Amino acid sequence: MKQTRSTCCYCGTGCGVTIESQGGRITGVAGDADHPSSRGKLCSKGTTLHLTMTPAAMAGRARHPELREHRGEARRRVSWDEALDHLAERFAATIARHGPDSVAFYVSGQLLTEDYYVFNKLAKGLVGTANIDTNSRLCMSSTVTGYTKTLGVDAPPNCYEDIDHAQCLFIAGSNTAVAHPVLFRRIEAARERNPELKIIVVDPRRTETARAADLHLAILPGTDVQLFHAMLHVMAWEGLLDERYIAAHTEGFAALREMVRDVSPQVAAETCGVRAEDIVTAARWFARSPATLSLYCQGLNQSTSGTAKNAALIDLHLATGHIGRAGAGPFSLTGQPNAMGGREVGGLATALAAHRDLANPEHRAEIEKLWGIGPVPAAAGLTAVEMFEALRSGRVKMIWIACTNPAQSMPDLEKIHAALEAAELVVLQEAYADTETAPFADVLLPAASWGEKDGTVTNSERRISRVRAAVPPPGEARPDWEIACDFARRLERKLARTPQSLFAFSTPEEVWNEHRECTRGRDLDITGLSYATLDRDGPQHWPYPSGARSGTARLYTTGRFATPDGRARFHAERYRVAESTRATWCSSSRAAAPST
Ligand code: SF4
Numbered sequence: 001m002k003q004t005r006s007t008c009c010y011c012g013t014g015c016g017v018t019i020e021s022q023g024g025r026i027t028g029v030a031g032d033a034d035h036p037s038s039r040g041k042l043c044s045k046g047t048t049l050h051l052t053m054t055p056a057a058m059a060g061r062a063r064h065p066e067l068r069e070h071r072g073e074a075r076r077r078v079s080w081d082e083a084l085d086h087l088a089e090r091f092a093a094t095i096a097r098h099g100p101d102s103v104a105f106y107v108s109g110q111l112l113t114e115d116y117y118v119f120n121k122l123a124k125g126l127v128g129t130a131n132i133d134t135n136s137r138l139c140m141s142s143t144v145t146g147y148t149k150t151l152g153v154d155a156p157p158n159c160y161e162d163i164d165h166a167q168c169l170f171i172a173g174s175n176t177a178v179a180h181p182v183l184f185r186r187i188e189a190a191r192e193r194n195p196e197l198k199i200i201v202v203d204p205r206r207t208e209t210a211r212a213a214d215l216h217l218a219i220l221p222g223t224d225v226q227l228f229h230a231m232l233h234v235m236a237w238e239g240l241l242d243e244r245y246i247a248a249h250t251e252g253f254a255a256l257r258e259m260v261r262d263v264s265p266q267v268a269a270e271t272c273g274v275r276a277e278d279i280v281t282a283a284r285w286f287a288r289s290p291a292t293l294s295l296y297c298q299g300l301n302q303s304t305s306g307t308a309k310n311a312a313l314i315d316l317h318l319a320t321g322h323i324g325r326a327g328a329g330p331f332s333l334t335g336q337p338n339a340m341g342g343r344e345v346g347g348l349a350t351a352l353a354a355h356r357d358l359a360n361p362e363h364r365a366e367i368e369k370l371w372g373i374g375p376v377p378a379a380a381g382l383t384a385v386e387m388f389e390a391l392r393s394g395r396v397k398m399i400w401i402a403c404t405n406p407a408q409s410m411p412d413l414e415k416i417h418a419a420l421e422a423a424e425l426v427v428l429q430e431a432y433a434d435t436e437t438a439p440f441a442d443v444l445l446p447a448a449s450w451g452e453k454d455g456t457v458t459n460s461e462r463r464i465s466r467v468r469a470a471v472p473p474p475g476e477a478r479p480d481w482e483i484a485c486d487f488a489r490r491l492e493r494k495l496a497r498t499p500q501s502l503f504a505f506s507t508p509e510e511v512w513n514e515h516r517e518c519t520r521g522r523d524l525d526i527t528g529l530s531y532a533t534l535d536r537d538g539p540q541h542w543p544y545p546s547g548a549r550s551g552t553a554r555l556y557t558t559g560r561f562a563t564p565d566g567r568a569r570f571h572a573e574r575y576r577v578a579e580s581t582r583a584t585w586c587s588s589s590r591a592a593a594p595s596t
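Structural data, given as structure tokens:
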């Protein structure tokens, strides 16, 4: 039996696993006791990972490239050369006729960082379009913007160890007990050690997590900003703010203080559907605790006011000085296994590599120099929902979908199906041939899956872990980064854009090394880290700059933030509600609520 150390591919907790394999087949999975994020623990999803590799489960795997010339025909099996030459020809012709923005790439937080890096470079560096977005857009873009607007960059301040140090846990929009069970076990252990630990849960639903709370604020859906502003109102009224921290390390508090003057607990109680005295209690516990840690997830993120919710919660931490210390800070929990890695390589329609901004000319110039290319796109590309809308209307002609299943997972599926029907060409790079998106694919490219590919992922606490192959992929399936590079080199020849290939990578480590170089001098600098260091010392937090001996577990400990003047920014944005949405949600939520 062979044992291979790797990382669970199911969620952003990023638990370490030891894969057991025999005769080229994965036979079992165990928790890796040496992985610092999970210390040997796995949830039921992680412990049953090997069941995705049984002969029955493998029956649905894509094993060979398939292609059809015309809609309505069945795809036929073809060689990799035929499939990729065909695609290079079609993409080059469409780009020549309709411009770079006539094609789009829809990728995934399930990709490894190396895969993500290559796709981003393919779109923005070679094709010259920012039309690359990801399923992570749907869950994490509010977090990215919330952190950037307040702290200066998309860098979560905390690490899992902070759960052990917190004296008050403020869990908002997250059913941690179910969605991040290994972290919830850590919360339970922290409470056992410290019965004084206060847990506040903000969630319209009476979840498993809410049942563990000392105070459950079952707010009406979408009213989070009003609740957070009322808490700030109480803190200001009762003198619970950290005025010294506000003065020394932040900007913009006067406007926010003025804005929340009229958001009293009574006003918010009416809006949020909770008791005013519970809002007061939450504010007191949050502010008076020696260390308050917020944990939040899709309840704040997947919302039309997601950025305002994220920023309003971060404001509470800045106003009370609960940030940059052990057990204190606003800590977003990522859902997908590598949403963080995608954010790091700039795999969004609005971003560039290493937390650079597409709209910033200096950032674009840095990437042009690093990649050795002409101008990268200056304008933002189409985001996930816009991309499919543009496909439906004919503005985008071709879409390349990798490692995700939009025909099943996007909102408003009728429109998504119509978009895929309307496309001139749908490329699907997938491990499985039987997904809901597969029937729409004109070209199916078989991809390696978990346990079959090498690379890295980053979890919620900014910790980079290695993912390793235990067995070879089935049939002719190949790793995602390798497929993208092979196509890119063929497209380079058709477009005759660059004298030297931008995609001369022969291993995922070479891809990662280039990604590492992009981070030099940035907030997420990992120039002191290597595959060899990860293999020797295990998973590491970023940043890990040259000369460091370990990664940085906790950020903003000096009170300096990644803004030009080093000060964090308060974000004063009033609570807003779409009345129709509110009415619908209120009635359904009330109907669904269990009686007490
Ligand atoms: Fe995998 Fe997430 Fe479960 Fe850990 S908590 S075993 S990463 S699904």
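Per this note's numbering, the sequence shown starts with residue 1, numbered consecutively. C-beta: ideal position from N, C-alpha, C; glycine also. All values derive from a computational prediction rather than experimental measurement.
A residue is called buried once 16 or more other Cβ atoms fall within 10 Å of its Cβ, and residue 54, having fewer, is exposed.
Residues of the same chain with a CB within less than 6 Å of the CB of residue 473, apart from the 5 flanking positions on each side, are 448, 452 in chain order.
Selection around the ligand SF4 by beta-carbon proximity, strictly under 5 Å to any non-hydrogen atom, yields 8, 10, 11, 13, 15, 42, 43, 45, 46, 182 in chain order. Residue 455 sits in a strand when the DSSP states are folded into three classes. Counting other Cβ atoms within 10 Å of its Cβ, residue 178 stays below 16 and is therefore classed as exposed.
Beta-bridge partners assigned by DSSP to residue 4: 19. With a threshold of 16 other beta carbon atoms within 10 Å, residue 37 meets it and is buried. With a 10 Å radius around the Cβ and a threshold of 16 neighbouring Cβ atoms, residue 365 comes out exposed. Counting only residues of its own chain and dropping the five nearest sequence neighbours on each side, residue 275 has a CB closer than 8 Å to the CB of 269. Taking 4 residues as the minimum length, the alpha helix (DSSP H) runs contained wholly in the region 460–528 are 480–495, 508–518, in order along the chain. Look at the region 225–257 and you find these whole runs of alpha helix (DSSP H), each 4 residues long or longer: 243–249.
For residue 80, the enclosing alpha helix (DSSP H) stretches over residues 80–98.
Note that the region 128–143 touches the region 332–346; at least 3 beta-carbon pairs, one per stretch, sit closer than 8 Å. Distance from the Cα of residue 131 is smallest, within the candidate group 346, 103, 486, for 103. In the DSSP annotation of this structure, the continuous segment of the alpha helix (DSSP H) that includes residue 409 starts and ends at 406–409. In this structure, the beta-carbon distance from residue 256 to residue 570 falls below 7 Å.
Residue state for residue 33 is assigned as coil, using DSSP reduced to three classes. Ranked by Cα distance from residue 522, the first of 345, 159, 283, 403 is 345.
The C-alpha of residue 425 is placed about 5 Å away from the C-alpha of residue 398. For residue 430, the enclosing beta strand (DSSP E) begins and ends at 425–430.
By the Cβ rule, the region 361–375 does not count as touching the region 193–213, because fewer than three pairs are nearer than 8 Å.
Counting along the chain, the unbroken alpha helix (DSSP H) around residue 309 starts and ends at 306–320. Listed in chain order, the non-local C-beta contacts of residue 352 below 6 Å within the same chain comprise 346, 358, 363, 367, local neighbours out to five positions each way being set aside.
In this structure, residue 562 sits near residue 153, with a CB-CB distance shorter than 7 Å.
Of the residues assessed, residue 262 falls on the exposed side of the cut-off, its CB having fewer than 16 other CB atoms within 10 angstroms. For secondary structure counted as the alpha helix (DSSP H) over 4 or more consecutive residues, the region 161–196 holds these complete runs in sequence order: 161–165, 176–179, 181–193. The beta-carbon distance between residue 494 and residue 88, rounded to whole angstroms, is 5 Å. This is short enough to meet the 8 Å contact definition.
Counting only the Cα atoms, residue 420 lies some 16 Å from residue 73.
Distance between residue 376 and residue 265, taken at the CA atoms: about 49 Å. With respect to the C-alpha of residue 216, the residue from 206, 469, 225 having the closest C-alpha is 206. Taking all protein chains shown into account, residue 303 has 16 or more neighbouring C-beta atoms within 10 Å of its C-beta and is therefore buried.
For the alpha helix (DSSP H) assignment, the uninterrupted runs of no fewer than 4 residues enclosed by the region 326–360 are, from N- to C-terminal side, 339–344. By a beta-carbon distance limit of 8 Å, residue 250 contacts residue 318. Their separation comes to about 5 Å. Here the C-alpha atom of residue 550 lies approximately 22 Å from the C-alpha atom of residue 114.
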